[in-house]
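Novice:
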Amino acid sequence: MKKIQNKVCLVTGASSGIGKARAVAFAKSVVKVIVSDVNETEGMATVSKLVAM
26 MKKIQNKVCL
36 VTGASSGIGK
46 ARAVAFAKSV
56 VKVIVSDVNE
66 TEGMATVSKL
76 VAM
């Protein structure tokens, strides 16, 4: 994932499943991540996890 380092990625459906896994993987790859989901509570939990990384 070197080509996406220092980029911004928008991940929809980021509160669970594949979306959450992609958001975490992008964050580990030094990518700024914007998360979106209809489930605000779980979406914020994902944001908290990413911030803690």
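Residue 78 is where the sequence shown ends in our numbering, and the numbering goes up by one at each step. Note that CB positions come from ideal geometry on N, CA and C, so glycine has one too. Nothing here was measured: the structure is a model prediction, and the numbers come from that model.
1) Tell me which same chain residues have a C-beta within less than 8 angstroms of the C-beta of M69, skipping the five on either side of it?
2) Do you know whose CA, among V76, G42, K53 and V72, lies nearest V60's CA?
3) Using a threshold of 8 angstroms, state whether the C-beta atoms of R47 and V63 are closer than that.
4) If we ignore side chains and look at the alpha-carbon of each, how far apart do I43 and E67 end up?
5) For K57, collect the residues of the same chain with a Cβ closer than 6 angstroms to its Cβ; drop the 5 residues on either side in sequence, then sort them by chain order.
Specialist: On the basis of the coordinates in this document:
1) none
2) Nearest of V76, G42, K53 and V72 to V60, Cα basis: V72.
3) no
4) Each residue's Cα considered, the two are about 14 angstroms apart.
5) V33
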